[in-house]
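Below is one structure, written out as structure tokens; comments come after it.
Protein chains: 4
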Amino acid sequence: MRCAIVYKSPEHLERVSGFLKKLGVDFNVFPKPTSELEEFDFIVSIGGDGTILSILQELKKCPPIFGINIGRIGILTHARIEDFEEKLEMAIKSFEIEKFPRLNCSCESGEFLALNEVALLGKERTKLIEARIVVDSEEIDSLRCDGIVVSTQIGSTAYAFSLGGPVVDPYLDSILIVPIAPFRFGSRAYVLRGDRVVEIKAKDSIAVIDGKRVVETSRVVLRKSNYPAVFFKRVDRFKNLFYTIRRIE
Amino acid sequence: MRCAIVYKSPEHLERVSGFLKKLGVDFNVFPKPTSELEEFDFIVSIGGDGTILSILQELKKCPPIFGINIGRIGILTHARIEDFEEKLEMAIKSFEIEKFPRLNCSCESGEFLALNEVALLGKERTKLIEARIVVDSEEIDSLRCDGIVVSTQIGSTAYAFSLGGPVVDPYLDSILIVPIAPFRFGSRAYVLRGDRVVEIKAKDSIAVIDGKRVVETSRVVLRKSNYPAVFFKRVDRFKNLFYTIRRIE
Amino acid sequence: MRCAIVYKSPEHLERVSGFLKKLGVDFNVFPKPTSELEEFDFIVSIGGDGTILSILQELKKCPPIFGINIGRIGILTHARIEDFEEKLEMAIKSFEIEKFPRLNCSCESGEFLALNEVALLGKERTKLIEARIVVDSEEIDSLRCDGIVVSTQIGSTAYAFSLGGPVVDPYLDSILIVPIAPFRFGSRAYVLRGDRVVEIKAKDSIAVIDGKRVVETSRVVLRKSNYPAVFFKRVDRFKNLFYTIRRIE
Amino acid sequence: MRCAIVYKSPEHLERVSGFLKKLGVDFNVFPKPTSELEEFDFIVSIGGDGTILSILQELKKCPPIFGINIGRIGILTHARIEDFEEKLEMAIKSFEIEKFPRLNCSCESGEFLALNEVALLGKERTKLIEARIVVDSEEIDSLRCDGIVVSTQIGSTAYAFSLGGPVVDPYLDSILIVPIAPFRFGSRAYVLRGDRVVEIKAKDSIAVIDGKRVVETSRVVLRKSNYPAVFFKRVDRFKNLFYTIRRIE
């Protein structure tokens, strides 16, 4: 069994690699995520949610990820660097995994995968966009705004959360649509079935994918990808999520 | 095939019954919903969403309902009184139906069914309740508030909507939890998978079921019922919903 | 100089009265607020914000109040029971006071004074009200909702806060209007100049004054009263407010 | 009496200039606002709110502005191009004016004036800023967010409105602080007395002034300017505002 270690800062690398050695696990170390990671049996990420999102940007087929949190919040991670050992050992032994859907984002510049969300924003910062929201070929809304976020249920606690959206059960297959700074009297988050196809049209826009990739576009089409993100199972994920989000400062 | 007509006001009864006669449909007329309605092949409701909710309070096994709207909004209805004829005729001929989950609400006073929501409120109007929210036996939140609404996806455009909750896809099996006037800095709507069991505990409370029934309680347990609400299919339900809610004045 | 002590529970009475004796201050003790309190030079309230609101319900002309908090939040209080002594002594010595406007609420049943807010609610709990909002004789909005809160700036951290309203500078003379559970797509808090006259009309309603008094009505007129609430000055009131409201759990 | 006409598009110029000729008013025409406008007795703006904001960017001392709306909303304008004549004539004859405070925005790059708002945003679009909010030298809040809007009461229906902020009485001298996409559980708009001094600190930021000017900064200080915006009086401004904002689509 071969493991890839990806780290954000080298500070904690020795502690993690030493522990894997003790467990008799072969590993390679990556200071930066690459598509080679697809070839490993599992991945240990030392960093925060951002590190995991960067790893996922490189992967279609996703080996199970175990996240060791060195930062503050860590919704996607499994353990803190202070005491990751027991949890990591159990994860490798049981090898229980869980998959979370990613959005396939198709636009003029190509296809991309998002675990959290795709944000369509105006290219110019001082101009509103006129966004049209189309679901399964039906236009359901159009509005002037700073942008539109289309998110998975996992992304409901990422950018969509900052926009006042609901917190969605990580195990409810669904797609959220949340406007950014809608210039009108009323506005709501929309929560759709996970198999809907969502299209957002807006001239002179950029699409930001998981906060990691920016492409120019005037139209994005989002649908559930065949390449989910794969994580080691976290038994307390559900309960812990509701606890964590109230403590974000 | 036997039809039951239930009406809110007798004003439009003749027009509807006359049309059913023309179609050769046998019918009985009910000025008030009763459990006898279970024995009919289908129900025509003349009124608004409230009339349909009153009908559903009387039914476990639910014959398909066709709603003729005589009021303003009508999210649950199929046609307006002004031009219901073609839609009703097509509904009866095709007999295509759709089912929407109801919540089974279990509390000290018995068991009840809700298509939209159960609202737990303080018994005294000037006192906050201390509500504890338990999902699948895990307490996920507790807060001081005027009350808590637990809603189906269909109910996301009813009371939960007034509380700022998201608009949920009518075809996404899910349960919403939305606090009423939470006395704290932050608050969110929670959207859960439809098979979760939600328990709300709060001393000195009343439970309001679909705005139609009020019972005293200190604890309600809500889970998806085996008795869904059954409606004639409405092809444009999805698109129309998003259109309608923006026009609520 | 004569002081009135009003207490919520007798538990801490001895500690407070003992300290006043030591300071050589004459006092009378009131287990319940009465209009006699108007005759005293100042009032010490042992309780929470609710105790102070109850006292204010009895007073037109208001002697300066010093609040000793025995509960949790205490936005209106000056000190905690654990260490009130120094602050109370300084308050009495300097006798610096500040005044905050109260709303005069005029309705069919008479006139009332509110430091925080007047909430107009439907008399029946399962029915929406149709509220019309009139400011300086101009109707500025009308909507279906559970109720309407009209609040002072001080009340912006009371019931209006639970409804998602803004936090208003305690020294900005202003009136807030915040709807309760508005059944429409959009809704906003309105913040008006403190000298506006606000009228809310809604059939079959009750008015709740500072959470302490309930009267039946169909129309309330609210204007700044000539009888402000008077408190001993709290130097850190402004900064402390913003700190406190984020910690409300 | 000399008038300056500023227009956004030349389409309606003839109609307006023809009418001024008929009234016997001398005028100069400006396809673009410049600081020369300060020398005129009054200004007629043909455009939308954006045109007026562009004019104000050029002015310290502000002659009274009359806005003729050729676009959709027009909160700052006085008449629509379809029927501006009577209102413009009356305005010139009575010459009744009203002044609205502007914010003086001081930062590393200089001093600027804003009628609506100053928005502090992250320089990089994919990174949150860590914003510290200081009022009268006291830090009242700090948070991670996309940005912070500091607005006048007039600006409460501009960018602050898109962020869910309250609608503020145009005649209530006040300053609003509204966060943009705050990444935490709770968040509120703050409404302060108009004479407060607000400082926002955030590394690697840009300040956007009235949506018209962008400067790099890491700290802005905002206080009421001595150079208000001056408009011809609009008698129905208050009532019309509440009507208009509900109709923004």
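Chains as they are written, first to last, in numbering that gives the first Met the number 0: chain A, 0 to 248; chain B, 0 to 248; chain C, 0 to 248; chain D, 0 to 248. From the three backbone atoms N, C-alpha and C, an ideal C-beta is built for every residue, glycine too. Small disclaimer: the values here were computed from a predicted structure and weren't measured.
Task: Interface residues of chain A facing B:P165 [CB-CB closer than 8 Å] - done: Correct list: G164, P165, L175, R187, A188, Y189 and V190.
Open item on the list: Run through chain D and tell me which residues come within less than 9 Å of A:L120, C-beta to C-beta.
Closed with: Residues of chain D passing the Cβ test: R124.
Task: Between the CA atoms of B:P63 and B:E37 - distance to the nearest angstrom - done: Taking the straight line from one Cα to the other gives about 10 Å.
Task: Beta-carbon spacing of A:L240, A:I74 below 8 Å - done: With respect to the 8 Å criterion, A:L240 and A:I74 are classified as neighbours on the basis of their beta carbons.
Task: Cα-Cα separation between B:V149 and B:A118, rounded to whole angstroms - done: The alpha-carbon atoms of B:V149 and B:A118 are separated by roughly 6 Å.
Task: C:M237: first and last residue of the uninterrupted alpha helix (DSSP H) it sits in - done: It should be pointed out that residue 237 of chain C corresponds to Phe in this sequence rather than to Met. R236 to R245 is the extent of the alpha helix (DSSP H) around C:F237.
Open item on the list: For a test of the three-state rule: what should DSSP assign to A:G163, helix, strand or coil?
Closed with: Three-state result, A:G163: coil.
- [ ] Report the three-state DSSP secondary structure of D:L112 (helix, strand or coil).
- [x] D:L112 sits in a strand when the DSSP states are folded into three classes.
Open item on the list: Just checking: is the beta-carbon of B:Y170 within a distance shorter than 8 Å of some beta-carbon in chain A?
Closed with: Yes, B:Y170 counts as interfacial toward chain A.
TODO: Consider the Cβ of B:E137: report whether some Cβ of chain A lies at a distance smaller than 8 Å.
DONE: So yes, B:E137 belongs to the interface.
TODO: Flag this pair as yes or no: are the beta carbons of A:D310 and B:L87 separated by less than 8 Å?
DONE: Absent from the structure is residue 310 of chain A, since the part of chain A shown begins at 0 and ends at 248.
Task: Nearest-angstrom Cα separation, counted from B:S108 out to A:G109 - done: The C-alpha of B:S108 is placed about 58 Å away from the C-alpha of A:G109.
Open item on the list: Just checking: is the beta-carbon of B:S204 within a distance shorter than 8 Å of some beta-carbon in chain C?
Closed with: Not a single C-beta of chain C is nearer than 8 Å to the C-beta of B:S204.
- [ ] Scan the stretch 136–158 of chain C for residues whose Cβ lies nearer than 7 Å to a Cβ of chain D and list them as they occur along the chain.
- [x] Residues of the stretch 136–158 of chain C that bring their beta carbon within less than 7 Å of a beta carbon in chain D comprise E137, I139 and D140, in sequence order.
Task: Where C:F182 meets chain E, residues with beta-carbon distance less than 7 Å - done: Looking for chain E here will not work: the only protein chains present are A, B, C and D.
Open item on the list: Taking 8 Å as the threshold (C-beta atoms), are D:I179 and D:G146 in contact?
Closed with: Cβ atoms of D:G146 and D:I179: closer than 8 Å.
Open item on the list: Just to confirm before moving on: does the CB-CB distance between A:E97 and A:K232 stay below 8 Å?
Closed with: Taking 8 Å as the Cβ cut-off, A:E97 and A:K232 qualify as a contacting pair.
Open item on the list: For a test of the three-state rule: what should DSSP assign to B:S16, helix, strand or coil?
Closed with: DSSP, reduced to helix, strand and coil, places B:S16 within a helical segment of the structure shown.
Open item on the list: To the nearest angstrom, how far is the alpha carbon of C:R71 from that of C:I247?
Closed with: The C-alpha of C:R71 lies about 9 Å from the C-alpha of C:I247.
- [ ] For A:I179, return the contacting residues in chain D, with the cut-off set at a CB-CB distance below 9 Å.
- [x] Neighbours of A:I179 on chain D, chain order: D145, S161, I179 and A180.
Task: Selection of the stretch 48–77 of chain B by Cβ proximity to chain C, strictly under 7 Å - done: So the list is empty, because no residue satisfies the distance condition.
Task: Opening and closing residue of the beta strand (DSSP E) in which B:A201 lies - done: Looking at the DSSP string, the run of the beta strand (DSSP E) that includes B:A201 is V197 to I208.
- [ ] Label B:G154 either buried or exposed according to how many other C-beta atoms from any shown protein chain fall within 10 Å of its C-beta, with 16 as the threshold for buried.
- [x] Label assigned to B:G154: buried.
Task: is_contact[A:F241, chain B] using C-beta, thresh 8 Å - done: Any Cβ of chain B closer than 8 Å to the Cβ of A:F241 would place that residue at the interface, and such an atom is present.
Task: Contact with chain C by D:F99, beta-carbon distance below 8 Å - done: Taking a beta-carbon distance threshold of 8 Å, D:F99 does not count as an interface residue toward chain C.
Open item on the list: For A:N27, tell me which candidate among A:V207, A:N103 and A:M0 has the shortest Cα-Cα distance.
Closed with: Of the candidates A:V207, A:N103 and A:M0, the residue whose Cα lies closest to the Cα of A:N27 is A:M0.
- [ ] Measure how close the beta-carbons of D:L114 and D:A228 come, nearest whole angstrom, since I'm counting them as under 8 Å.
- [x] With a Cβ gap of about 5 Å, D:L114 and D:A228 count as contacting.
Task: Integer Cβ distance of A:C2 from A:V43, believed to fall under 8 Å - done: About 6 Å; that satisfies the 8 Å criterion.
TODO: Return yes when the Cβ of C:R245 is within less than 8 Å of the Cβ of B:F184, no when it is not.
DONE: Result yes, Cβ atoms of B:F184 and C:R245 sit closer than 8 Å.
Open item on the list: According to DSSP, simplified to helix, strand and coil, what is A:L52?
Closed with: Helix.
TODO: Please name the residue in C:R212, C:H11 and C:F182 whose C-alpha comes closest to that of B:T125.
DONE: Scanning C:R212, C:H11 and C:F182 for the CA closest to the CA of B:T125 turns up C:R212.
Task: Contact check, C:R143 vs C:E123, beta carbons under 8 Å - done: Contact: no.
Task: Inter-residue spacing [alpha-carbon to alpha-carbon] between A:Y226 and A:L58 - done: Computed Cα separation, rounded: 9 Å.
TODO: Would you mind telling me which residues of chain B sit closer than 7 Å to A:K238, beta carbon to beta carbon, in chain order?
DONE: What A:K238 touches in chain B: E137 and I139.
Open item on the list: Rounded to the nearest angstrom, what separates A:D274 and B:G164 at their Cα positions?
Closed with: Since the first residue of chain A shown is 0 and the last is 248, residue 274 of chain A is not available in this structure.
Task: Contacts of B:R245 in chain C (Cβ-Cβ under 7 Å) - done: Around B:R245, the beta-carbon contacts reaching into chain C at under 7 Å are F184.
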